[in-house]
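Chemist:
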Amino acid sequence: MRETSSDVLLRVENLSLGFRSNGRVTAVTEGVNFEIRRGEVFGLVGESGCGKTVTCLGLLRLLPVAGSTVLSGHAWYQGRDLLKLSTEEMRGIRGSEIAMIFQEPSAALNPLLTIRNQLLLPFKHHPYDGSPEKRIDDLLRRVGFSDPERVLRSYPHELSGGMLQRVMIAHALLLGPKLLLADEPTTALDVTVQAQILELLAELQREMGMSVVMITHNLNLVAQYANRAAVMYAGRIIEEGNATRLLEDPKHPYSRGLLDALPKLDGATHAPKPIPGSVPPAGHYPSGCRFRDRCPQAFDACKTDPTWTEPQAGRHVACHLYPHPSLMEVR
Ligand code: SF4
């Protein structure tokens, strides 16, 4: 057991996860640190392949046992380290305490089971005071279905992408989790449906007082919905702080690049500017700062690892453009 401050629900400390292949282990995340406070929305931002989803699957112990390993770290959830719990203890937490919404609802749902049978499954594995049928009916109505019975009779292929994502949200909330991990929950949806789903999630988060980790590549969404945010690149967190201030004034060149790559409302004068190149695969990161091959501001010092510094109160950045105070004293 470990004491954590009462407003912190989850504290991730120095988390490094690795994948095994051909007898070798390759680190895919390294030294990841963040905390989730009670009732807050926390944005985890970065391009595909930066380690956001792997981090969340690792916390829930959903990575393949034979192909992955925890190289270091802790995930303190209400005083218990999720990474040290038995399989049985973890099964008790998954769904009832911490739930996840996946990017692709059609891939996450079983095509051979009706929605009713899929929504009843969590109640078979967790104690529940009350009527599962009533809880399912209430939640389906809450996520926007006026005729839940019709949805319950359906198989996944009979519902649209937006309907499936609403079913997935209801599924994740059935047991009233304290923490919801939402992994790009609107990526597979039309733009108009995306906005509806995000508004719905925000409403439910406020109503239920849940904490939410919102995984996305879109800094605008984070600023709109999250209280705090961390930016991940190549398996490491490289900037974290207040979500709105991070959008208004990103400090790290990668965070700035993510913002510049987004379309702006005034279009012609601010055409989206993609970050050149792509995230290197795990095991092929450059030495020193992992962003240096793509960074427009790279200089000699970037061949060594940048240390964390706080260029602004509450904003932490790992970049040589913001020298650590102890290094400034030496100069
Ligand atoms: Fe760019 Fe250097 Fe900062 Fe890395 S440490 S983001 S290469 S300026």
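With our numbering as the guide, the letters of the sequence shown map in order to residues 22 to 352. Note that CB positions come from ideal geometry on N, CA and C, so glycine has one too.
In the DSSP output, which residue or residues are listed as bridge partners for N263?
Modeler: Its beta-bridge partners are R249.
Chemist: Would you be able to state if there are at least three C-beta pairs under 8 Å between the segment 238–257 and the segment 65–72?
Modeler: The segment 65–72, when compared against the segment 238–257, does touch it at the 8 Å Cβ threshold.
Chemist: On the three-state DSSP scale, how would you describe M231?
Modeler: Three-state result, M231: coil.
Chemist: Report back the beta-carbon spacing between L200 and I119 to the nearest angstrom; my notes put them in contact at under 8 Å.
Modeler: Contact flag correct, Cβ pair sits at about 5 Å.
Chemist: Let's test the definition: count the other Cβ atoms within 10 Å of the Cβ of A334 and tell me whether it reaches 16, buried, or not, exposed.
Modeler: Under this definition A334 is an exposed residue.
Chemist: Taking one C-beta from the segment 70–77 and one from the segment 126–142 each time, how about it: are there three or more such pairs within less than 8 Å?
Modeler: Segments in contact, no.
Chemist: Can you tell which of L160, K155, D326 and L84 has its C-alpha closest to the C-alpha of E228?
Modeler: For the residues L160, K155, D326 and L84, the minimum Cα distance to E228 belongs to L160.
Chemist: What are the start and end residues of the alpha helix (DSSP H) that includes F144?
Modeler: Run containing F144: I136 to H146, per the alpha helix (DSSP H) assignment.
Chemist: On a Cα-Cα basis, can you pick out the residue from V29, V62, V46 and R45 that is closest to L219?
Modeler: Nearest option by C-alpha distance: V62.
Chemist: Quick check on G94: buried or exposed, where buried means 16 or more other Cβ atoms within 10 Å of its Cβ?
Modeler: G94 is buried by the Cβ-count criterion.
Chemist: Would you mind reading off the limits of the alpha helix (DSSP H) that contains S299?
Modeler: Neither: S299 is in no alpha helix (DSSP H) and is coded neither H nor E.
Chemist: On the criterion of 16 or more Cβ atoms from any shown chain inside 10 Å, does R174 qualify as buried, or is it exposed?
Modeler: Classification for R174: exposed.
Chemist: Taking DSSP's pairing of strands, which residues face R58 in a bridge?
Modeler: V29.
Chemist: Rounded to the nearest angstrom, how far is the Cβ of L279 from that of L240, given a contact under 8 Å?
Modeler: Yes, they are in contact, since the Cβ atoms of L279 and L240 sit about 5 Å apart, within 8 Å.
Chemist: Under 8 Å: do the segment 199–217 and the segment 177–185 share three or more Cβ pairs, one atom per stretch?
Modeler: Result yes; three or more Cβ-Cβ pairs closer than 8 Å.
Chemist: Spatial neighbours of R115 within its chain, please: C-beta separation below 7 Å, excluding the five flanking residues on both sides.
Modeler: Closer than 7 Å at the Cβ level, and outside the excluded window around R115, lie L81.
Chemist: Would you say Y149 lies against chain C (beta-carbon separation less than 9 Å)?
Modeler: Here chain C cannot be found, since the structure has a single protein chain.
Chemist: Which runs of the alpha helix (DSSP H) fall wholly inside the segment 85–114 and span at least 4 residues, in chain order?
Modeler: DSSP runs (the alpha helix (DSSP H)) wholly in the segment 85–114: 108–114.
Chemist: Could you pull out every residue in the same chain whose Cβ sits closer than 6 Å to the Cβ of L202, ignoring the five residues on either side in sequence?
Modeler: C77, M121 and V234, listed in sequence order.
Chemist: Tell me which residue opens and which closes the alpha helix (DSSP H) that A191 is part of.
Modeler: G182 to L194 is the span of the alpha helix (DSSP H), which, as asked, contains A191.
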